[in-house]
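Asker: One structure coming up, written as structure tokens, with questions to follow.
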Amino acid sequence: MTLAPSAPMHSPGATQGTLAPSEGRAPLDLFQLAVMLMTSVAVWRLQDLFTVLGAIKIQYIAPALALLAFMVESDPRRKINRIVNPLFKKTMGVGLMVMLSIPTSLWPGYSFRFFMNDHAKTLLLMVLMAASIRSMTDLRRYAVMHIVGALVYSYFVVTTFKLRNGRLGSLIYYDSNDLGLLLVCTIPMCVYFLQPSSKPLTRLVSSASLGMIVFTIVQTGSRGAFLAFLACGAYLLFNFSAITKKVRIYAVGALIAFLLTFGGPTYWEMMSSLLKPTEDANWSGEVGRRQIWKRGIGYMVTHPITGVGGRAFGIAEGTISQIASRQDVGIGLKWSAAHNSFVEVGAELGLIGLGLFLASLWTAWRFVRAIGAPQNAARAGPLGAFGHAIGGTLIAYCVAGFFVSAGYSAYLYTIFALVIGMIKLAGERATVAAPALAANGAASAPRPPSTGRRRGRRSSPVGSIHPGPARLPAGRPVASN
51 MTLAPSAPMH
61 SPGATQGTLA
71 PSEGRAPLDL
81 FQLAVMLMTS
91 VAVWRLQDLF
101 TVLGAIKIQY
111 IAPALALLAF
121 MVESDPRRKI
131 NRIVNPLFKK
141 TMGVGLMVML
151 SIPTSLWPGY
161 SFRFFMNDHA
171 KTLLLMVLMA
181 ASIRSMTDLR
191 RYAVMHIVGA
201 LVYSYFVVTT
211 FKLRNGRLGS
221 LIYYDSNDLG
231 LLLVCTIPMC
241 VYFLQPSSKP
251 LTRLVSSASL
261 GMIVFTIVQT
271 GSRGAFLAFL
281 ACGAYLLFNF
291 SAITKKVRIY
301 AVGALIAFLL
311 TFGGPTYWEM
321 MSSLLKPTED
331 ANWSGEVGRR
341 QIWKRGIGYM
351 VTHPITGVGG
361 RAFGIAEGTI
371 SQIASRQDVG
381 IGLKWSAAHN
391 SFVEVGAELG
401 LIGLGLFLAS
411 LWTAWRFVRA
421 IGAPQNAARA
431 GPLGAFGHAI
441 GGTLIAYCVA
451 GFFVSAGYSA
461 YLYTIFALVI
471 GMIKLAGERA
481 TVAAPALAAN
491 GAASAPRPPS
501 TGRRRGRRSS
511 PVGSIHPGPA
521 RLPAGRPVAS
531 N
């Protein structure tokens, strides 16, 4: 996909004369620090790692601080209207479907509490993070924050919990599969900082971070994370064209070396079961993943509009599933989660909710792939390389998320926030499928006068996809701060 020339860089709804998102300096300030604290609480669970933070209810203080800092913010680059774009609308649409699912939920009170105590905070985090982004510096800061969060959480779990049957067990909040998803999604961000343009110390820390992350992934014993690791590695090797082939080979080689070093006989025995899926209990058992997914698809068919209710998949398993009646004769039944992010969202929010969720992922993917495309490298500048990294994260999420219930993951919504921020920096004006990239302050290309008639195919709007290679206007790179 190629990008077409477009109008001057500013986000939808921005008024003429306002400061372009990539202009000026972007110092670390109270607002961004508050958003980072909120992210560390929502994603990396600082309150669980440090009991004193939980005791002072940091999980409530952090969102309040971030919201207060935003309310007193005066920087025009941080206005809400700058982040209202198609991706923003689709992710908020998912939130709307969570709300609409409450009245028809199998347990309305439970779905209401989920929205108020969980998903509403996740949406708030996404909005505040996206609004806070002013330049590439801000994007890099958030990537570093995720890497640090992954390192701190990894160190905590591997030094606190023991292996059970070759994998970490009885963890706090995240189970081993959830943790595997978070860690493998962070790998592309580490690779991003291995670019030759990064400082030597930065590259050294990124390499060490990769080692710790891969070590912890092995400790989780997650097969979904292993598959995501393979998909992410393939993406980094063959598609991360924003960095040189030499660096890509080095990075993927290091990942493989770490995996072979840390993965013992028990780990490889668990991974080898992927070659014999029909012999696994998840294939044939009534409470195995395959049967759970089939029942989840059934909930989509019977509840196609608003689903069974936000976070109510387990309620459906225990009340309306084909095997729920066994409880009447005293046979126990696990009210299981969906163990699949896509089945989870579809069953709980209906087909409309699932469509919006898939559209959000696709829209984010299309944008980062477009801005990182080779033909746009000169104009996209460092934003293109960062887009490639986020593309790897999205690939890792989709693969690992196919085996865990992470449809409402706060981590995923921070990735959406980064993409929304990138769209703002790129000066998106039409559709995310074809982001608008223009030189800072450059005048838009004049449009031919309308003849009032349509000949052949219809004319394309600003920022739309053109059939041939697009020649972007000359100028200094977008969002180069």
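First residue of the sequence shown: 51, per our numbering; consecutive thereafter. In this text, a Cβ means the ideal position worked out from N, Cα and C, and glycines have one as well.
1) Under a three-way DSSP split, which group does L462 fall into?
2) State buried or exposed for V28, treating a residue as buried only when at least 16 other CB atoms are found within 10 Å of its CB.
3) Who does S213 pair with in a DSSP beta bridge?
4) Keeping to the same chain, check which residues put their C-beta closer than 6 Å to that of I293; ignore five residues upstream and five downstream.
5) Indicate the three-state DSSP secondary structure (helix, strand or coil) for R184 in the structure shown.
6) Output the distance between the C-alpha atoms of R191 and V358, rounded to the nearest integer angstrom.
7) Under a three-way DSSP split, which group does M129 fall into?
8) Apply the 10 Å Cβ neighbour rule to F100 and answer buried if 16 or more other Cβ atoms are within range, or exposed otherwise.
9) Classify A476 as helix, strand or coil using the three-state DSSP reduction.
10) What are the boundary residues of the alpha helix (DSSP H) that P354 is part of?
11) Work out the CA separation of P158 and S500 for me, nearest whole Å.
12) Can you have a look at A181 and say buried or exposed, based on whether 16 or more other CB atoms are within 10 angstroms of its CB?
13) Put A193 into one of helix, strand or coil per three-state DSSP.
14) Exposed or buried, V122, counting other C-beta atoms within 10 Å across all chains shown (16 or more means buried)?
15) Any idea if A258 is buried or exposed, counting beta-carbon neighbours within 10 angstroms, 16 or more meaning buried?
16) Could you tell me the boundaries of the alpha helix (DSSP H) in which R416 lies?
17) Buried or exposed: which applies to S220, given that a residue is buried once 16 or more other Cβ atoms fall within 10 Å of its Cβ?
18) Could you give the distance in angstroms between the alpha-carbon of A284 and the alpha-carbon of T369?
19) Going by the CB atoms, is the gap between T270 and R217 shorter than 7 Å?
20) Start and end of the alpha helix (DSSP H) containing N332?
21) Can you grab the Cα-Cα spacing for the pair L80 / I183, in whole Å?
22) Closer than 8 Å is the cut-off here; do at least three beta carbon pairs connect the segment 163–172 with the segment 199–213?
23) Given 8 Å as the limit, is there contact between the segment 446–456 and the segment 221–230, that is, 3 or more CB pairs closer than that?
24) According to DSSP, is S386 helix, strand or coil?
25) Do P354 and M186 come within 7 Å of each other at the CB atom, strictly closer than that value?
26) How big is the Cα-Cα spacing for M472 and A92?
27) When you compare only the Cα positions, how much space is there between M320 and N131?
28) Beta carbon of G442, beta carbon of C282: below 7 Å?
29) If I measure Cβ to Cβ from H196 and keep anything under 7 Å in the same chain, skipping five residues before and after, which residues do I get?
30) Thinking C-alpha only, which one of F452, V208, S124, R419 is nearest F290?
31) Start and end of the alpha helix (DSSP H) containing S322?
32) Cα-Cα, which of E336, S151, I402 is closest to R376?
33) Tell whether a beta-carbon distance below 7 Å holds between H389 and I342.
Answerer: Here's the rundown:
1) Counting from 1 along the sequence shown, the entry for residue 462 is found at position 412. L462 falls in the helix class under three-state DSSP.
2) The question about residue 28 has no answer here: the residues shown for the chain are numbered 51 through 531.
3) In the sequence shown, residue 213 corresponds to position 163, counting from 1. Here residue 213 is Leu; the residue named in the question, Ser, does not match the sequence. Its beta-bridge partners are L218.
4) Translated into positions along the sequence shown, residue 293 becomes position 243. So the qualifying residues of the chain are Q245.
5) Within the sequence shown, residue 184 is the residue found at index 134, counting from 1. Note: R184 maps to coil in three-state DSSP.
6) Counted from its first residue, the sequence shown places residue 191 at position 141. Counted from its first residue, the sequence shown places residue 358 at position 308. CA-to-CA, the gap between R191 and V358 works out to about 39 Å.
7) Taking the first residue of the sequence shown as 1, we reach residue 129 at position 79. Met is not the amino acid found at residue 129; the sequence shown has Lys there. The answer is coil: DSSP assigns K129 none of H, G, I, E or B.
8) In the sequence shown, residue 100 corresponds to position 50, counting from 1. That one is exposed.
9) Taking the sequence shown and counting its residues from 1, one reaches residue 476 at position 426. If DSSP states are grouped into helix, strand and coil, A476 belongs with the helices.
10) By one-based count along the sequence shown, residue 354 stands at place 304. Looking at the DSSP string, P354 is not in any alpha helix (DSSP H), and its letter there is neither H nor E.
11) For the purposes of this step, residue 500 is taken as the residue at position 450 of the sequence shown. For the purposes of this step, residue 158 is taken as the residue at position 108 of the sequence shown. In this prediction, S500 scores a pLDDT of 44, lower than 50, which makes its location untrustworthy; the coordinate-derived value is nonetheless stated afterwards. Between S500 and P158, the C-alpha separation is close to 54 Å.
12) For the purposes of this step, residue 181 is taken as residue 131 along the sequence shown, with counting starting at 1. A181 should be labelled buried.
13) As a first step, residue 193 must be located in the sequence shown, where it is residue number 143. Looking at A193 - three-state DSSP - the assignment turns out to be helix.
14) As a working note, residue 122 is residue 72 in the sequence shown. It counts as exposed.
15) For this step, residue 258 is matched to residue 208 along the sequence shown. Its Cβ having fewer than 16 others within 10 Å, A258 is exposed.
16) As a first step, residue 416 is located in the sequence shown; it is residue number 366 there, counting from the start. Segment 391–421, the alpha helix (DSSP H) holding R416.
17) Counted from its first residue, the sequence shown places residue 220 at position 170. Label assigned to S220: exposed.
18) The sequence position of residue 284 within the sequence shown is 234, counting from 1. The sequence position of residue 369 within the sequence shown is 319, counting from 1. Roughly 42 Å between the two C-alpha positions.
19) Locating residue 217 in the sequence shown gives position 167, where the first residue counts as 1. Locating residue 270 in the sequence shown gives position 220, where the first residue counts as 1. Yes, these two residues count as a Cβ contact at 7 Å.
20) Here residue 332 is taken as the residue at index 282 of the sequence shown, counted from 1. Note, N332: alpha helix (DSSP H), 331–334.
21) Taking the sequence shown and counting its residues from 1, one reaches residue 80 at position 30. Taking the sequence shown and counting its residues from 1, one reaches residue 183 at position 133. Approximately 13 Å between the Cα atoms of the pair.
22) no
23) yes
24) Locating residue 386 in the sequence shown gives position 336, where the first residue counts as 1. Coil at S386, not helix or strand.
25) Residue 186 sits at position 136 when you count from the first residue of the sequence shown. Residue 354 sits at position 304 when you count from the first residue of the sequence shown. In this structure, P354 does not lie closer than 7 Å to M186 by Cβ.
26) The count along the sequence shown starts at 1 and reaches residue 472 at position 422. The count along the sequence shown starts at 1 and reaches residue 92 at position 42. Their Cα atoms are separated by approximately 22 Å.
27) For the purposes of this step, residue 320 is taken as the residue at position 270 of the sequence shown. For the purposes of this step, residue 131 is taken as the residue at position 81 of the sequence shown. Straight-line Cα distance between these residues: approximately 49 Å.
28) In the sequence shown, residue 442 corresponds to position 392, counting from 1. In the sequence shown, residue 282 corresponds to position 232, counting from 1. Yes, these two residues count as a Cβ contact at 7 Å.
29) One-based indexing of the sequence shown puts residue 196 at position 146. Correct list, in chain order: T236, M239.
30) Reading the sequence shown from its first residue, position 240 is the one you call residue 290. Cα-wise, what sits closest to F290 is R419.
31) Here residue 322 is taken as the residue at index 272 of the sequence shown, counted from 1. Unbroken alpha helix (DSSP H) run through S322: 315–322.
32) Locating residue 376 in the sequence shown gives position 326, counting from the first residue. Distance check between R376 and each of E336, S151, I402 places E336 closest, using alpha-carbon atoms only.
33) What you label residue 389 is simply residue 339 of the sequence shown in a count that begins at 1. What you label residue 342 is simply residue 292 of the sequence shown in a count that begins at 1. Going by C-beta atoms, H389 is nearer than 7 Å to I342.
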